[in-house]
Amino acid sequence: MRNSIVLILLLLLAPNALADDTVRSPHAATALEIYRHIVELDTSKTRDNTLPVAQYLADKLIAGGMPKEDVEVITHSRFATLAAPKGEFASLVARYRGDGSLNKPPILLLAHMDVVEALAEDWERPPFELTEDDTNFYARGTIDNKFGVAQLTATFIRLQREGFVPGRDLILVFSGDEESGMTTTRHLAYERPDLAEAEFALNSDAGGGDLEPDGTPVVYAVQAAEKTYVTWEMTATNPGGHSSRPRPDNAIYDLAGAITKIQEHRFPVRWSEMTLAYFQETGNKIGGELGDAMLRFAYDPTDTEASDRLALESSYIGTTRTTCVVTMLRAGHAENALPQSATATVNCRVFPGVPVSDIEATLREVVGNDAIQFEQLAEATESPISELREDVLAALRQAVDSRYPGLKIIPYMESGGTDGMHFRKAGIPTWGISGVFMNPDEMFAHGLNERVPKAAFYGALDHWSIIIKALASPAS
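Heads up: the sequence shown is residues -19 to -1, 1 to 457, going by mature numbering (1 follows the signal peptide of the UniProt record, and there is no 0).
Written out as structure tokens, the structure reads:
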């Protein structure tokens, strides 16, 4: 019993001891300096701050030892759309040249510099100021995805300072509008021959380790596939009139009825070998009622009780089916006038293999009102699965073992969407392998009071260095 108590105390103290030691390293100081600077620049779609962020990162990379000619800041003009107002944004490409001794194509390392908007009045802390307590860093972008931007940039600077010469080229590829249209992503994925020659891409914006609330590691998940992202506007129209003379029909009421029907609809359960394997491994680790539901679903995905239980969990419902949710509303033109139109934005994440046209047909059928118009806002991007390679898995194994020896590594399908979908579609296999380890229930990306544990930030500092050296050390 005494030995068990000592072991428990050591386990509880170890993360703090590691963090305290790591905080004092030059690499940690560089990473935190970069992190703080870029987090405190609002790069949401209503600001034109991706260019200052890209230029800042370029300056840091050049000061860290990269030749100026190998660091490129690209500016992009943005035309006004529903996703973003007219303006200018930027992307960054930085090539860490190798000696060619491996005779292999480059590796792309992906991240995005932009963030979703944050309403300061709703937050408990200033969303664009990096604040902290004993446990967490707080701000918009702390996890999505300035965590990855800072970690990758600091790693390139660290490797330059160490004198590391890779056996192949390594290319940082930072997009500027992943959260609002992916115009920069499309340019980078489809219009850059120098990037198209890459053997594969590693994405900092997905993947990572899951921890229990007490810090116990559950599994490391590699993002190897993504659902199809597609958005419709659903609009009800009406002749309108004076508000003192209400009509039996009303555009807002019609739209509200349609929204309620979409809220109540569940798309059919879907599965793949990847998702079933994910639930089997995760269920074994989690245990309890939720873990039991995962295991039952893994063994029999037609088990409706199991799938219904998983549907109650926001972290897992998207792994079992297509989902559609209403995310925005606009209606009416005056407070004393009957509305002439009412519009809802319906965002869907479509299970791979399901045609987007089928989803629109289902939405129309569910709404059951031919007077309500549907307009798809942009072309949907369907991307293939990237089967996990042995060399990438071996490199990741080293990085994971440096923190949690022997932890299971499994591929998974992303319920959301990342830049990776476009690189996969362009023919570049892409895996999401973030260095973050945290409890998924504490991951408030896109939400209020976004945060990342300090232990996760400092614990990830060696992650990319280990992976890069495993995949790109020069031939002896």
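Ideal Cβ placement from N, Cα and C applies to all residues, glycine included.
Asked                                                                                                                                                            : Found
Per DSSP, what kind of secondary structure is G349 in: helix, strand or coil?                                                                                    : coil
Between the region 92 to 111 and the region 168 to 175, do three or more beta carbon pairs fall short of 8 angstroms?                                            : no
Taking C-alpha atoms, which residue in P86, M94, G81 and S454 lies nearest to V74?                                                                               : M94
Could you give the DSSP three-state label for W252: helix, strand or coil?                                                                                       : coil
Which of the three DSSP states is assigned to D382 in this structure?                                                                                            : helix
Apart from the five residues on each side of it in sequence, which residues of its chain come closer than 6 angstroms, Cβ to Cβ, to P386?                        : none
With a threshold of 16 other CB atoms inside 10 Å of the CB of R139, please say whether the residue is buried or exposed.                                        : buried
Just tell me which of T56, S58, H57 and D40 has its CA closest to the CA of E50.                                                                                 : D40
Below 8 angstroms, how does it come out for the region 262 to 276 and the region 359 to 369: are there three or more Cβ pairs, yes or no?                        : no
Considering only their Cβ atoms, is the gap separating I88 from I366 smaller than 9 angstroms?                                                                   : no
My output table needs one value for W412: the three-state DSSP class, helix, strand or coil.                                                                     : strand
Let me confirm a value: N317 is counted as buried when at least 16 other C-beta atoms fall within 10 Å, else exposed. Which label applies?                       : exposed
My guess is that E21 and E110 are in contact by the Cβ rule of under 8 angstroms, so how many angstroms apart are they, rounded?                                 : 6 angstroms
Using alpha carbons as the reference points, say which of T411, V54, G313 and L133 lies closest to N219.                                                         : G313
Identify the continuous alpha helix (DSSP H) that holds M275 and give its terminal residues.                                                                     : G269 to Y280
Closest to T301 by CA distance: which of M47, P86, G144 and D281 is it?                                                                                          : D281
Give the straight-line distance between the Cα atoms of E326 and K85, rounded to the nearest whole angstrom.                                                     : A quick correction: the sequence has Thr, not Glu, at residue 326. For T326 and K85, the distance between alpha carbons rounds to 45 angstroms.
Less than 9 angstroms between the C-beta atoms of R76 and V97, yes or no?                                                                                        : no
Between residue 486 and T164, is the Cβ-Cβ spacing less than 9 angstroms?                                                                                        : Absent from the structure is residue 486, since the part of the chain shown begins at -19 and ends at 457.
Just reading off the beta strand (DSSP E) that A323 is part of, what are its end residues?                                                                       : S322 to V331
Helix, strand or coil for Y37, going by three-state DSSP, please let me know.                                                                                    : helix
Identify which residue in G221, I390, R247 and F128 has its Cα closest to the Cα of M255.                                                                        : I390
Go through its chain and collect everything with a Cβ distance to residue 506's Cβ below 8 angstroms, but skip five positions before and after it.               : Residue coverage of the chain in this structure runs from -19 to 457, which leaves residue 506 outside it and unanswerable.
With distance defined between alpha-carbon atoms, name the residue in A92, G45, L369 and V34 nearest to R17.                                                     : V34
Alpha carbon to alpha carbon, how far is L91 from V337?                                                                                                          : 27 angstroms
Using C-beta distances below 7 angstroms, list every residue in its chain close to L32, excluding the 5 sequence neighbours before and after it, in chain order. : T56, E69, F70 and A71
Going by C-alpha to C-alpha distance, which of T123, P198, V4 and D115 sits closest to H427?                                                                     : T123
Quick one: Cα of L276 to Cα of I233, how far?                                                                                                                    : 43 angstroms
Measuring only the C-alpha atoms, how far is H444 from A375?                                                                                                     : 13 angstroms
Under 9 angstroms between the Cβ atoms of V130 and R251?                                                                                                         : no
Hey, how far is the Cα of Q204 from the Cα of D23?                                                                                                               : 27 angstroms
CB F438 to CB N184, shorter than 9 angstroms?                                                                                                                    : no
When the Cα atoms are used, what is the spatial distance from K26 to A456?                                                                                       : 44 angstroms
Run through the DSSP bridge pairs and tell me what L153 is partnered with.                                                                                       : A75 and L90
With which residues is Y201 paired in a DSSP beta bridge?                                                                                                        : G190 and I390
Between which two residues does the beta strand (DSSP E) holding L183 run?                                                                                       : F181 to N184
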